[in-house]
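For the sequence shown, the numbering used here gives the first residue as 25, with consecutive numbering after it.
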Amino acid sequence: DIPCDARNPYPNHMYSSRSISSHNGGAGPDLYSNVELDYRGNDVSVDNLLRLMSNKHHPNTPPNRKLQTTSKSNVLLYLTGHGGD
Numbered sequence: 025d026i027p028c029d030a031r032n033p034y035p036n037h038m039y040s041s042r043s044i045s046s047h048n049g050g051a052g053p054d055l056y057s058n059v060e061l062d063y064r065g066n067d068v069s070v071d072n073l074l075r076l077m078s079n080k081h082h083p084n085t086p087p088n089r090k091l092q093t094t095s096k097s098n099v100l101l102y103l104t105g106h107g108g109d
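Quick look at the structure:
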């Protein structure tokens with residue numbers, strides 16, 4: 025997650041440019057400011073991904089942790105990383 029990466033010079037923020045300006049070092053608008061994260065940290069797991077994609081949730085799962093899709097929806101799942109467990 026870019027905002028939490030130790031190499032990010034602006035912790036908890038994500039900007040589209042590395043240029044300098046007055047309020048945020050010139051990096052332009054904070055691309056992370058209006059993002060609602062539904063899953064983070066230990067909530068990001070294979071089990072939760074499978075539940076999300078198969079629509080088989082626990083009874084008390086809030087709506088923001090479910091895909092609100094129809095038969096006409098297209099879902100893009102982008103995975104990246106360096107392998108591991």
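Here a beta-carbon is modelled for each residue, glycine too, at the ideal position from N, C-alpha and C.
D71 - partner residues in DSSP beta bridges: D71 pairs with nothing; no bridge assigned.
Neighbour-count burial assignment, C39, 16 or more Cβ in a 10 Å radius: Per the sequence presented here, residue 39 reads as Tyr, with Cys not at that position. Result: buried.
CB contact flag (D62, N88, <8 Å): yes
In DSSP terms, what Y56 is bridged to: Paired residue(s): none; Y56 is not in a bridge.
Residue(s) in a DSSP beta bridge with Y39: D54
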